[in-house]
Amino acid sequence: MPRLRAWPGYDLHLTMAPSFVRALFERRGDAYVKAAGRSRGAVVYQDGEYVVGEGCGEEELLRWSGLWLGRELVEERAGPLAAAYPGLGLAVDPFDRHLVFVAVFLSRATSWEANVLRWCRAIFSRSETLDELLSLDFSELGGSFQLRQLGPALRAYAEAPRAGDPWELRRALLAIPHVGPKLADAYLLFAGIDASAAPIDRHAHRMARRLGLGGGQPRKELCARYGCPECPRAGVCLRARMSELYGPAAGWVQTAFYVHDRALC
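Numbering (my numbering), first residue to last: 23 to 287.
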């Protein structure tokens, strides 16, 4: 039973709340039970300054709890924002990337709490492996465009490369129907592939304006051709600016932006 010591102020609930990984867990009281994928049935909970896992390995617990991203790195790159959110880790799941893709894809233009979590629980209770998911008729769960489009997107995902250089993976994701830069970056981040991937949503834009960062929306046609360092719009694109400014803490910064904007602004 792995038991990991957290940094001072760490909060498992705060860490899980904004992560797409939460779609793979069910909260039961103060604990989180793995409802789908690797180590299904594992239990994760916080015990004071420790995070404990039952039914899983240490590496799984490290990733799910968000403790894998060193606090020193976040404090070095994010400064005052890190001081404002000492409890926030970055929960990822590199072991169930196809399930993370489902949660990310379904999140477009809808309620995370009311719809995405409900859809994911219904889907994952039926099937967990990628092959099983490919055989499902998601329209049986509802008539939303997200569910109607999930089948074709998953078939394209199954044919795309899922390992290798993050920029090549990002371009492959952008070739999937209905996947834009925000979804591609959310997948890269929460599937544990690229911690510098910052999904640019309205929360990121609002917080960036307040902090004077500037930067516009990524353009899919350019993202499909370039990585951020080579892109001709790198100097005026918020995704590129965040990755350059915050490096491997950029995904954590965007998550903190989301938490702060939702909670306080």
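Just so it is clear, CB atoms sit at the ideal spot from N, CA and C, and this is done for glycine as well.
Worksheet item: Just reading off the beta strand (DSSP E) that Ala53 is part of, what are its end residues?
Response: Ala53 to Lys56
Notebook entry, point to check: Given Leu91, which residues of its chain have a CB within under 7 Å of its CB, disregarding the five upstream and five downstream residues?
Noted result: Gly111, Leu112, Ala217 and Trp274
task = Give me the Cα-Cα distance between Tyr268 and Ala100, rounded to the nearest whole angstrom.
result = 7 Å
CA-to-CA distance, Arg85 to Cys142, given in whole angstroms: 20 Å
| field | Cβ neighbour criterion (16 or more within 10 Å) applied to Glu190 | value | exposed
Next item on the list: State buried or exposed for Tyr72, treating a residue as buried only when at least 16 other CB atoms are found within 10 Å of its CB.
Entry: exposed
If you measure between the beta carbons of Val114 and Leu128, is that distance less than 8 Å?
no
If contacts are defined as beta-carbon pairs under 8 Å, then Ala125 and Phe47 qualify, I think. What distance do you get, rounded to the angstrom? The pair is not a contact, with the Cβ atoms about 11 Å apart (cut-off 8 Å).
Among the candidates Ala206, Ala58 and Arg148, whose CA atom is the shortest distance from the CA of Leu163?
Arg148
Within 10 Å of its beta-carbon, does Asp52 have 16 or more other beta-carbons around it, so buried, or fewer, so exposed? exposed
query: Could you give the C-beta distance for Pro188 and Leu210, rounded to a whole number, given that I count them as a contact under 8 Å?
result: 6 Å
Exercise. Tyr179 to Glu80, Cα distance in whole Å?
Worked result: 29 Å
**Message:** For Val281, count the other beta carbons within 10 Å of its own beta carbon; 16 or more makes it buried, fewer makes it exposed. Which is it?
**Reply:** buried
Checklist line | Length of the line joining the Cα atoms of Arg50 and Ala28 | finding: 21 Å
*Are the beta-carbon atoms belonging to Phe117 and Glu154 less than 8 Å from one another?*
no
Query - Own chain, CB closer than 7 Å to Gly214, minus 5 neighbours either side, in chain order - result: Arg85, Val114, Asp115 and Pro116
Practice problem: Spell out the partners DSSP gives Asp69 in its beta bridges. | Solution: Tyr72
Roughly how many whole angstroms lie between the Cα atoms of Val66 and Gly165?
34 Å
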